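Student:
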Amino acid sequence: NHTKALNFQKTIADMLHIAPHKGIKKTKIHHAVVEWLIVDNLPLNTINGEGFRRFMLQIDPGFCRPSYKALKKEISFENTNAKNQIYELLEKSSEMVFLTTDLWTARNGTGYIGITAYWLSKEFELNEILLCLKPMPYPHTSQAIGEFLIQKVQDFNLQDKILYVVTDNSSNMVAAIRDWDGIERLPYTAHTLQLSVNRALKKNHQQIHRIRELVKFFDLPKQSQ
608 NHTKALNFQK TIADMLHIAP HKGIKKTKIH HAVVEWLIVD NLPLNTINGE GFRRFMLQID
668 PGFCRPSYKA LKKEISFENT NAKNQIYELL EKSSEMVFLT TDLWTARNGT GYIGITAYWL
728 SKEFELNEIL LCLKPMPYPH TSQAIGEFLI QKVQDFNLQD KILYVVTDNS SNMVAAIRDW
788 DGIERLPYTA HTLQLSVNRA LKKNHQQIHR IRELVKFFDL PKQSQ
């Protein structure tokens, strides 16, 4: 084991004398790293791990880890490029667009809002694409939600193409779309069913409580013997 460790250290020491990549080669590798982080949804500090460093030394001794500044710049560029591609796709292939949007709070307390677009192409193929997924600061008022949605629709030049927006039945979402002239809101079927089930369960609360207590009784150690 000691011999293997010494050989490994020696190999790394030899690799450290290899000049790092420059120019086009360096740019291509950094682009590949950014693509890997984006596709696999990894944090930026992944590339700072000791295991990753050793792995890359074995794979490519000339690899030079990009800085946080370089990573953020490349990710920002890729984001802009993807947005432009979505814009062009919608311009060329959509005449009428339906939106779905949802707002939720993560475990860390951060609010997020997502918008997805659906449309039929000229060949009657169903298309769907995520327009945005961004943090939504509090308070989540209907006005704030409405302004956010309108801004994103304008960003993709969809203001004259939207027919319906599908949302849950929360009061802020309902009000946000109601104040949006010329747009009709449709409720999530699953959310409507969930509300119906919850209301039905409330009406039978006493019976459900008795059943739960009965289940707890038979789950006790003495009853299982």
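Under the numbering used here, the first residue of the sequence shown carries the number 608, and numbering increases by one thereafter. C-beta atoms are modelled at their ideal positions from N, C-alpha and C, and glycine is treated no differently. Small disclaimer: the values here were computed from a predicted structure and weren't measured.
#1: Out of curiosity, what's the CA-to-CA distance linking ARG672 and ILE654?
#2: Give me the Cα-Cα distance between HIS798 and ARG785, rounded to the nearest whole angstrom.
#3: Beta-carbon within less than 8 Å of ASN764's beta-carbon, same chain only, minus the 5 sequence neighbours each way: which residues are those?
#4: Evaluate TRP643 with the Cβ neighbour count: other Cβ atoms within 10 Å of its Cβ, from every protein chain shown; 16 or more gives buried, anything less gives exposed.
#5: Can you tell me the Cβ-Cβ gap for TYR719 and MET743, rounded? I've got them flagged as a contact below 8 Å.
#6: So, with DSSP's three-state summary, where would you put TRP734?
#7: Between ILE722 and LYS759, which are expected to be in contact by the criterion C-beta below 8 Å, what is the C-beta distance as a whole number of angstroms?
#8: Do three or more CB pairs link the region 725 to 743 to the region 666 to 684 at distances below 8 Å?
#9: Going along the chain, which unbroken runs of the beta strand (DSSP E) with 3 or more residues stay wholly within the region 745 to 800?
#10: Given that a residue counts as buried once 16 or more other Cβ atoms are within 10 Å of its Cβ, and exposed if not, what is TRP711?
#11: Going by C-alpha distance, which of ALA783, VAL641, LEU821 and LEU649 is nearest SER674?
#12: When you compare the CB positions of PRO794 and ASN779, do they come within less than 7 Å of one another, or not?
#13: According to DSSP, is THR687 helix, strand or coil?
#14: DSSP three-state call for LYS729: helix, strand or coil?
#15: Terminal residues of the continuous beta strand (DSSP E) containing LEU706?
#16: I'd like to confirm the pairing. Which residues does DSSP put opposite TYR719 in its beta bridges?
#17: For ALA724, which beta-bridge partners are listed by DSSP?
#18: Mapping DSSP to helix, strand and coil, what is ASN652?
#19: What first and last residue would you give for the alpha helix (DSSP H) that runs through ARG661?
Tutor: Once the coordinates are examined:
#1: Answer to the nearest angstrom: the Cα atoms are 7 Å apart.
#2: Note on HIS798: pLDDT 46, under 50, position unreliable in the model; no value is reported.
#3: The residues are TYR694, LEU697 and GLU698.
#4: Taking every protein chain shown into account, the CB of TRP643 has fewer than 16 other CB atoms within 10 angstroms, so this residue is exposed.
#5: Rounded, the Cβ-Cβ distance is 6 Å, consistent with contact.
#6: Trp is not the amino acid found at residue 734; the sequence shown has Asn there. It is a strand residue.
#7: Cβ atoms of ILE722 and LYS759 come within 8 Å of each other, at about 6 Å.
#8: Touching, no, given that fewer than three Cβ pairs across the two stretches are closer than 8 Å.
#9: Those beta strand (DSSP E) runs which fall completely within the region 745 to 800 and span 3+ residues are 769 to 774 and 791 to 794.
#10: When all chains shown are included, TRP711 counts as exposed.
#11: The residue from ALA783, VAL641, LEU821 and LEU649 with its alpha-carbon nearest to that of SER674 is VAL641.
#12: One thing to note: PRO794 has its Cβ no nearer than 7 Å to the Cβ of ASN779.
#13: If DSSP states are grouped into helix, strand and coil, THR687 belongs with the helices.
#14: In this structure, LYS729 counts as coil in the three-state DSSP scheme.
#15: Its beta strand (DSSP E) spans residues 704 to 712.
#16: Answer is TRP711 and PRO742.
#17: ALA724 is bridged to LEU706 and ILE736.
#18: Helix, per DSSP.
#19: Going by DSSP, ARG661 is part of the alpha helix (DSSP H) stretching over 657 to 666.
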